[in-house]
Structures are given as C-alpha cells and as structure tokens.
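Each residue of the sequence shown is one higher than the one before, counting from 1 in the working numbering. Where a beta carbon is used, it is the ideal one built from N, C-alpha and C, also for glycine. Bear in mind the structure is a predicted one, so any value in this text is a computation, not a measurement.
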Amino acid sequence: MLLLVKQSWKPYLRLIAIANLLYCGLTAGLMIYFYQRLTVWGLAYFVAEIIVVAGLALVELKTAVNLPPHGK
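Okay, structure coming up:
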C-alpha cells in the first residue's frame, strides 16, 4: 500500500480535503441543532475548530490541484 501512495497520492489528498470539509459541515449542522445546549465556550471551540479544519482542507485542495501530473 505504501508504494501505491508514493506513486500517486494526489487523489488521497483530495479525498482527505473533501472529508475535512464534510466534517466541518456536519459540525456546523450539529452546532445549529444543539445551539440551545451549547455554552459560549463550546460555541467558541467549535467555531475555532471549523476555521482551522476548513483552512487546512482548502490548503490541501489547493496543493492537490497544483501538483504536477503523475510521472512528471
């Protein structure tokens, strides 16, 4: 499996980025659903987490797009 990833890891990076963005969407949805139960600290934590993870996902997507094609 390691050899496969060394040869072409662009799709894996894109998949991880998409999963991270889906996680952010799920977290935001759960924040809305449980808004009345969350404390200010809880809201702050999840907002900060979404910002960090979404930022990471955008960097991952940008990197995946800018990678040269396999074999070059």
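From the DSSP output, in three-state form, read off residue i for me.
{"i": "P11", "result": "helix"}
{"i": "L67", "result": "coil"}
{"i": "L38", "result": "coil"}
With distance defined between alpha-carbon atoms, name the residue in the options nearest to residue i.
{"i": "V47", "options": "V59, G29, L58 and L61", "result": "G29"}
{"i": "L22", "options": "W41, Q36, A57 and A44", "result": "A57"}
{"i": "A54", "options": "L38, S8, V40 and I16", "result": "I16"}
{"i": "I50", "options": "K10, C24 and S8", "result": "C24"}
Quick one: is residue i buried, meaning 16 or more other Cβ sit within 10 Å of its Cβ, or exposed?
{"i": "A19", "result": "exposed"}
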